[in-house]
């Protein structure tokens, strides 16, 4: 893709973002961009891409918070298990590593969503 085409696509995405932020409906945006000579299906694709990016940003924060909570909870549960074992004179305790791994995977997935273009 040439630099000119890339710049044009970015300009269209930015226009759609601004239109959505100003409260215009999808139909109004389609009509405005059709006046520039764009096809309706292409404008709808741009709108869908902009809305998907917005959703991904929201999902990023949700996954970060859930992942952090899961990791902290897992660490707390492991610490509690270890403390209970030490207090009772036992050399054995349960290590709940799965919950920590799940939390870390949530955080990694969040950053994959964040870096997606």
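In this note's numbering, the protein residues as written are 195 to 311. Quick reminder that beta carbons are idealized off the backbone N, C-alpha and C, glycines included. Predicted model, so just to flag it, every value in this text is computed and none were measured.
Tell whether a beta-carbon distance below 8 angstroms holds between residue i and residue j.
i, j, result
"residue 261", "residue 294", "no"
"residue 279", "residue 287", "yes"
"residue 220", "residue 240", "no"
"residue 301", "residue 258", "yes"
"residue 203", "residue 224", "no"
"residue 310", "residue 250", "yes"
"residue 264", "residue 297", "yes"
Grab me the residues of residue i's own chain with a C-beta within less than 6 angstroms of its C-beta, minus the 5 sequence neighbours each way, in chain order.
i, result
"residue 230", "none"
Skipping 5 residues on each side, what residues in its chain have a beta carbon closer than 7 angstroms to that of residue i?
i, result
"residue 272", "289, 290"
"residue 244", "207, 210, 211, 214"
Between which residues of its own chain and residue i is the CB-CB distance below 8 angstroms, once the five residues before and five after are set aside?
i, result
"residue 299", "261"
"residue 228", "234, 237"
key: Sequence ranges, alpha helix (DSSP H) only - wholly within the region 224-304, length at least 4   = 234-281
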